[in-house]
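See below for the structure under consideration.
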Amino acid sequence: MKISVITVCKNSERTIERCIRSVVDQSHADIEYIVIDGSSTDQTLAILRDYQDHIATLLSEPDSGIYNAMNKGIAVSTGAVLFFLNSDDYFVDENVLTDVAAEFNCNDSIWVLYGNVTVVAPDGETSVNYKNISKNYFYKNTICHQAVFTKKTAYELIGGFDEKYIIHADADWLMKAYFHPKIRSRFRYIDREICFFANDGFCSDPANAEKYKYQRQEISAKYFPTARLKLTIKKLLLRFGIEI
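So for the sequence shown, numbering that gives the first Met the number 0 puts the first residue at 0; every next one is plus one.
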């Protein structure tokens, strides 16, 4: 089974090599490694060229945001399964993709396979386990995309990431997939650590989370009637200068 690993980056000279090495060192034989670079001006491209024999597609051009870059990765991918590994992130060991491929091969009904991650923050590491989640989990939370492997069939069915969402398009896509009648039953959990996830990027910045909080509320409102009612009330109150 071919797995397309997609890394989007821009000016990531500090971390990109660690990310690449974690892909190159995977024991799984059939990997398509795709890197979408947003016209880096530091040494990122020079580092990428050092690994050009391991990169199937390297695209370097301006983009309109992380989800625009991720959608470019989907468009050029040829693997049966897609995975997004940010330039600050890296696999926990060399057998991640081998184990993931085995799960997909054993059960053809799986379209979305998700595991666990370790969040790396300035104040330490935290393991995040997604084992016992239900639909209500998505009301205020999501599964980070660094824990999720998705068959390309799912993207072909419901499309890529909605680029109008600046920092929550991956949460929106996952909810759209989870609540889709043809995909929901195809979600599966694997009790395995997938990668180390750096919690210090644009999307993880508390200031950005506050700035775009209404986008997250809007996404929840699309899938949860209660959230939709709350958002409608908030918008109505804002017309009178009342914020809650």
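For glycine and all other residues, C-beta sits at the position ideal for the given N, C-alpha and C. As the structure is a prediction and not an experimental result, all values here were calculated from the model.
- Query: Can the beta-carbon of His144 be found closer than 8 Å to that of Asp161?
  - Reply: The residue given as residue 144 occupies position 145 in the sequence shown. The residue given as residue 161 occupies position 162 in the sequence shown. For His144 and Asp161, no; Cβs fall outside 8 Å.
For a quick check, are the C-beta atoms of Lys175 and Trp110 less than 8 Å apart? By 1-based counting over the sequence shown, the position of residue 175 is 176. By 1-based counting over the sequence shown, the position of residue 110 is 111. No, the pair does not count as a contact, with Cβ atoms beyond the cut-off.
- request: Just mark Gly158 as buried or exposed, buried being the case when its beta carbon has 16 or more other beta carbons within 10 Å.
  value: Looking up residue 158 in the sequence shown gives position 159. Answer is exposed; the Cβ neighbour count stays below 16.
Original post:
Would you call the CB atoms of Phe103 and Val80 closer than 8 Å?
Top reply: Counted from its first residue, the sequence shown places residue 103 at position 104. Counted from its first residue, the sequence shown places residue 80 at position 81. Less than 8 Å separates the beta-carbon of Phe103 from that of Val80.
My parser needs the alpha helix (DSSP H) runs of 4 or more residues fully inside the segment 150-184; what are they?
Within the segment 150-184, the complete alpha helix (DSSP H) runs of at least 4 residues are 151-157 and 168-177.
- Item | Own chain partners of Ile35 with C-beta closer than 6 Å, once the 5 adjacent residues on each side are dropped | Indexing the sequence shown from 1 puts residue 35 at position 36. Taking Ile35 as the centre and dropping the five residues before and after it, the same chain places the C-beta of Val7, Leu58, Ala68, Lys71 and Gly72 closer than 6 Å to its C-beta, in chain order.
* Per DSSP, what kind of secondary structure is Phe83 in: helix, strand or coil? -> Walking along the sequence shown from the start, residue 83 turns up at place 84. Correct three-state label for Phe83: strand.
Discussion item. Quick check on the DSSP output: the alpha helix (DSSP H) that includes Asp98 runs from which residue to which?
Written reply: As a first step, residue 98 must be located in the sequence shown, where it is residue number 99. From DSSP, the alpha helix (DSSP H) with Asp98 extends over Val95 to Cys105.
task = Give the DSSP-derived three-state secondary structure of Asp52 in the structure shown.
result = Translated into the one-based positions of the sequence shown, residue 52 becomes position 53. Taken through DSSP and simplified to helix, strand or coil, Asp52 comes out as helix.
Whole-number beta carbon distance between Ser3 and Thr125, since they are thought to touch under 8 Å: Working through the sequence shown from its first residue, we reach residue 125 at position 126. Working through the sequence shown from its first residue, we reach residue 3 at position 4. With a beta-carbon spacing of about 28 Å, Thr125 and Ser3 fall beyond the 8 Å limit used to define contacts.
Put Ile15 into one of helix, strand or coil per three-state DSSP. Position 16 of the sequence shown, counted from the first residue, corresponds to residue 15. Note: Ile15 maps to helix in three-state DSSP.
Test item: CB-CB of Ile142 and Leu112 under 8 Å: Translated into the one-based positions of the sequence shown, residue 142 becomes position 143. Translated into the one-based positions of the sequence shown, residue 112 becomes position 113. For Ile142 and Leu112, no; Cβs fall outside 8 Å.
query = Where does Arg13 land, buried or exposed, given buried means 16+ other C-beta within 10 angstroms?
reply = Sequence index remark: in the sequence shown, residue 13 carries index 14 (1-based). So Arg13 counts as exposed.
Secondary structure of Val34, DSSP reduced to three states:
Here residue 34 refers to the residue found at position 35 of the sequence shown. In the three-state scheme derived from DSSP, where H, G and I count as helix and E and B as strand, Val34 is classed as strand.
Subject >> Neighbour-count burial assignment, Asn131, 16 or more Cβ in a 10 Å radius >> reply: For the purposes of this step, residue 131 is taken as residue 132 along the sequence shown, with counting starting at 1. Burial check for Asn131: the Cβ neighbour count within 10 Å stays below 16, so the residue is exposed.
### Query
Would you say Val99 and Phe148 are within 8 Å of each other, going by their C-beta atoms?
Sequence index remark: in the sequence shown, residue 99 carries index 100 (1-based). Sequence index remark: in the sequence shown, residue 148 carries index 149 (1-based). Yes, these two residues count as a Cβ contact at 8 Å.
Exercise. Tell me where the alpha helix (DSSP H) around Glu217 begins and ends.
Key: As a first step, residue 217 is located in the sequence shown; it is residue number 218 there, counting from the start. Here the alpha helix (DSSP H) through Glu217 covers Lys212 to Tyr222.
- Specify, as a first and last residue, the run of the beta strand (DSSP E) that Ile5 falls within. As a working mapping, residue 5 is identified with position 6 in the sequence shown. Taken as a continuous stretch (DSSP letters only), the beta strand (DSSP E) holding Ile5 covers Ile2 to Cys8.
Is the separation between the beta-carbon of Gln214 and that of His167 shorter than 8 Å? Translated into positions along the sequence shown, residue 214 becomes position 215. Translated into positions along the sequence shown, residue 167 becomes position 168. A contact, by the Cβ cut-off of 8 Å.
Does DSSP put Thr117 in a helix, in a strand, or in coil?
-> Along the sequence shown, one-based indexing puts residue 117 at 118. In the structure shown, Thr117 sits in a strand (DSSP, three-state: E or B).
In terms of residues, what are the limits of the beta strand (DSSP E) holding Val127? On the sequence shown, position 128 is the one that residue 127 refers to. Counted as a single uninterrupted DSSP element, the beta strand (DSSP E) harbouring Val127 occupies residues Gly123 to Val127.
If you compare alpha carbons, which of Phe223, Gln42 and Gly64 is closest to Asn140? Your numbering for residue 140 matches position 141 in the sequence shown. In terms of CA proximity to Asn140, Phe223 leads the group Phe223, Gln42 and Gly64.
Look at the Cβ atom of Gly114, then the Cβ atom of Ile189, and state whether they are nearer than 8 Å.
Here residue 114 refers to the residue found at position 115 of the sequence shown. Here residue 189 refers to the residue found at position 190 of the sequence shown. Taking C-beta atoms as the reference points, Gly114 and Ile189 count as a pair closer than 8 Å.
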